[in-house]
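So the mapping is simple: the numbering used here equals the position in the sequence shown, first residue as 1, plus 14.
From the three backbone atoms N, C-alpha and C, an ideal C-beta is built for every residue, glycine too.
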Amino acid sequence: MDTGLERADAGSKVPEATASTEARFRAEQLRLVTTQLARLPLVLCAINGFIAWMLWQAGADRIGLAWLLLATVFELWRHVVCRHLRREPPAQAGPALQRLSLAFVAAGLLRLLPIPWLMGADTPEQAMVYTMVCVGLAAGGVATAGGVFWAYATWAALVGSGLSLAWLLHGDGAGIGAGVLTALLFLTLALFARDQGRTLRQLFFLADENQRLATSLRAERDRAEQASLSKTRFFAAASHDLRQPLHALSINATALEFATRRQGDVQVRELSRSLSRALRQSNDLLDTLLDISQLDAGVVEVRPVEVDAAALLLRLREEFAATAAERGLRLDLRLPEPERPVWVHTDPRQLQRLLVNLIGNALKFTREGGVTLALESLPDPSRVRLAVEDTGPGIAPDERERVFEDFYQIGNPARDRSRGLGLGLSIVRRTARLL
Numbered sequence: 015m016d017t018g019l020e021r022a023d024a025g026s027k028v029p030e031a032t033a034s035t036e037a038r039f040r041a042e043q044l045r046l047v048t049t050q051l052a053r054l055p056l057v058l059c060a061i062n063g064f065i066a067w068m069l070w071q072a073g074a075d076r077i078g079l080a081w082l083l084l085a086t087v088f089e090l091w092r093h094v095v096c097r098h099l100r101r102e103p104p105a106q107a108g109p110a111l112q113r114l115s116l117a118f119v120a121a122g123l124l125r126l127l128p129i130p131w132l133m134g135a136d137t138p139e140q141a142m143v144y145t146m147v148c149v150g151l152a153a154g155g156v157a158t159a160g161g162v163f164w165a166y167a168t169w170a171a172l173v174g175s176g177l178s179l180a181w182l183l184h185g186d187g188a189g190i191g192a193g194v195l196t197a198l199l200f201l202t203l204a205l206f207a208r209d210q211g212r213t214l215r216q217l218f219f220l221a222d223e224n225q226r227l228a229t230s231l232r233a234e235r236d237r238a239e240q241a242s243l244s245k246t247r248f249f250a251a252a253s254h255d256l257r258q259p260l261h262a263l264s265i266n267a268t269a270l271e272f273a274t275r276r277q278g279d280v281q282v283r284e285l286s287r288s289l290s291r292a293l294r295q296s297n298d299l300l301d302t303l304l305d306i307s308q309l310d311a312g313v314v315e316v317r318p319v320e321v322d323a324a325a326l327l328l329r330l331r332e333e334f335a336a337t338a339a340e341r342g343l344r345l346d347l348r349l350p351e352p353e354r355p356v357w358v359h360t361d362p363r364q365l366q367r368l369l370v371n372l373i374g375n376a377l378k379f380t381r382e383g384g385v386t387l388a389l390e391s392l393p394d395p396s397r398v399r400l401a402v403e404d405t406g407p408g409i410a411p412d413e414r415e416r417v418f419e420d421f422y423q424i425g426n427p428a429r430d431r432s433r434g435l436g437l438g439l440s441i442v443r444r445t446a447r448l449l
């Protein structure tokens, strides 16, 4: 029995991925059909009992009893098969679907048997009720057997044609109308089942394709992250060696600058100053990139100890006091209780590097007013807040996340190196996460 699944053209070779997807789709079809059928035995047995009662009312009591016994055995057998298939799904779902398709054909034949006794001209009420029962079963079967269309179509063709023919044999106008209407109803429900089966197939294959793409993307992402991490580790290892010749060049450039000052050659002196500036910028860039590469590579070790945060801020104010005075800015310190230590558990070196970047940024972009280093108590006595506040231009809300990205600078589209590299706040974010 064809289960309604699309077949490959004769002689064509189904790709491995497609065959695998087809097998999973058949398994999902089997799961859906058995799940739906497992819910129906009690309802179907009640309907069968009602039909047997109508047969008794029509004078076919023995026929009704025999039919009820046959229908009950069939429903119990199908229920046991469905429970077994749900409990122990087969490795190949195709043969199981074919058996269930044959069961649908058998169910259609079972519905045909009462027609000669219930669809007679002398029992129009029973004929109408039985027709309504079969139409209701057909409507419910769309959800149950929509995934195995040809099984449903065979059931609908058997039952629908039997009912329609019985109505047409009445010979009167009402019987002909009822027969035509019954045939149209079963045909429409069969088309609904076909469309539902196609939609189910399309949705499953789309979901399966999306899952494969997501798996592929995750694998590519993992490879890219691994490659990036390898490059970062390589740079972290190589940059240390690069710093040594640059450091030697810086020493020589400084010595050259002192020598040119004594000789008084203006042109050579300017050349030596330019060389010194370039080397300082190169050293600064290399130091910054080394810091970032070490943070990304995970080679920076955090060694938390008890640190006096108040004393740390006091030292930083003294360190940056000259820079602030040169720019005409105040550099204030705000502590919860002056002259009293505030102990925190952290890595002092990493915390200081974080604060140095923030203070440097604040002094660089503040034109007037000043910068305040603050240490504040919080309602939770086990925590404190360290803050670097300034009276600078501020940061627009839509820029507050982007300023922590690598090389991003507000208002510097030309990448003027005199305004920095745009890496200070990215180091701040990395260090804060590390701590």
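Answer yes or no: do threonine 268 and glutamine 364 have a C-beta to C-beta separation smaller than 9 Å?
In this structure, glutamine 364 does not lie closer than 9 Å to threonine 268 by Cβ.
Spatial neighbours of isoleucine 129 within its chain, please: C-beta separation below 8 Å, excluding the five flanking residues on both sides.
Cβ neighbours of isoleucine 129 beyond the five flanking positions: Tyr144, Gly176, Leu177, Ala180.
What residues match up with tryptophan 181 in a beta bridge as DSSP calls it?
Beta-bridge partners assigned by DSSP to tryptophan 181: none are found.
The alpha helix (DSSP H) that contains arginine 341, what's its start and end?
No alpha helix (DSSP H) contains arginine 341, which DSSP labels as neither H nor E.
How would you label glutamine 140, buried or exposed, when you count the other beta carbons within 10 angstroms and need 16 or more for buried?
Under this definition glutamine 140 is a buried residue.
Please determine if the stretch 231-239 and the stretch 186-200 are in contact, where contact requires at least 3 C-beta pairs separated by less than 8 Å.
No: the two stretches stay apart, fewer than three of their Cβ pairs being nearer than 8 Å.
Over what stretch of residues does the alpha helix (DSSP H) that includes aspartate 361 continue unbroken?
For aspartate 361, no alpha helix (DSSP H) encloses it, and the DSSP letter there is neither H nor E.
Which residue or residues does DSSP assign as beta-bridge partners of arginine 348?
BP columns for arginine 348 point to Ala388.
Buried or exposed by the 16-neighbour rule on C-beta atoms within 10 Å, applied to arginine 226:
Residue burial is scored here from C-beta neighbours: arginine 226 has fewer than 16 other C-beta atoms within 10 angstroms and is therefore classed as exposed.
Unbroken stretches of the beta strand (DSSP E), 3 residues or longer, contained in the stretch 96-182:
If we require 3 residues or more, the stretch 96-182 turns out to have no beta strand (DSSP E) run fully inside it.
Use the C-beta contact count for isoleucine 265: other C-beta atoms within 10 angstroms, 16 or more gives buried, fewer gives exposed.
Counting the other CB atoms within 10 Å of its CB gives isoleucine 265 a total below 16, which places it among the exposed residues.
Counting only the same chain and skipping the five closest in sequence on each side, list residues whose C-beta sits under 7 Å from that of glycine 438.
Around glycine 438: Asn371, Gly374, Asn375.
In whole angstroms, what is the alpha-carbon distance linking histidine 93 and proline 55?
If you take the alpha carbons of histidine 93 and proline 55, they lie about 7 Å apart.
Any chance the stretch 348-368 sits against the stretch 416-423, with 3 or more Cβ pairs inside 8 Å?
Not touching, per the Cβ criterion.
By Cβ distance, which residues of its chain are closer than 6 Å to methionine 133, with the 5 residues on each side in sequence left out?
For methionine 133, the CB contacts under 6 Å within the same chain, skipping 5 residues up- and downstream, are Ala141, Ala180 in chain order.
Can you have a look at serine 34 and say buried or exposed, based on whether 16 or more other CB atoms are within 10 angstroms of its CB?
Within 10 angstroms of the beta-carbon of serine 34 lie fewer than 16 other beta-carbons, which makes it exposed.
Indicate, with yes or no, if the ligand ATP has a heavy atom lying under 8 Å from the CB of valine 87.
This structure simply doesn't include the ligand ATP, nor any ligand for that matter.
Tell me which same chain residues have a C-beta within less than 7 Å of the C-beta of phenylalanine 118, skipping the five on either side of it?
Excluding sequence neighbours, phenylalanine 118 sits near Ala159, Ala165, Tyr166, Thr168, Trp169.
Rounded to the nearest angstrom, how far is the Cβ of phenylalanine 334 from that of leucine 345, given a contact under 8 Å?
Going by Cβ atoms, the distance from phenylalanine 334 to leucine 345 rounds to 6 Å, so yes, they are a contact pair.
Assuming glycine 193 and leucine 182 are in contact, meaning their beta carbons sit under 8 Å apart, how far apart are those beta carbons, in whole angstroms?
Yes, they are in contact, since the Cβ atoms of glycine 193 and leucine 182 sit about 4 Å apart, within 8 Å.
Under a Cβ-count criterion, where at least 16 other Cβ atoms within 10 Å of its own Cβ denotes burial, should glycine 191 be classed as buried or exposed?
Of the residues assessed, glycine 191 falls on the exposed side of the cut-off, its CB having fewer than 16 other CB atoms within 10 angstroms.
Apart from the five residues just before and just after arginine 215, which ones in its own chain have a Cβ nearer than 7 Å to its Cβ?
Residues of the same chain with a CB within less than 7 Å of the CB of arginine 215, apart from the 5 flanking positions on each side, are Phe39 in chain order.
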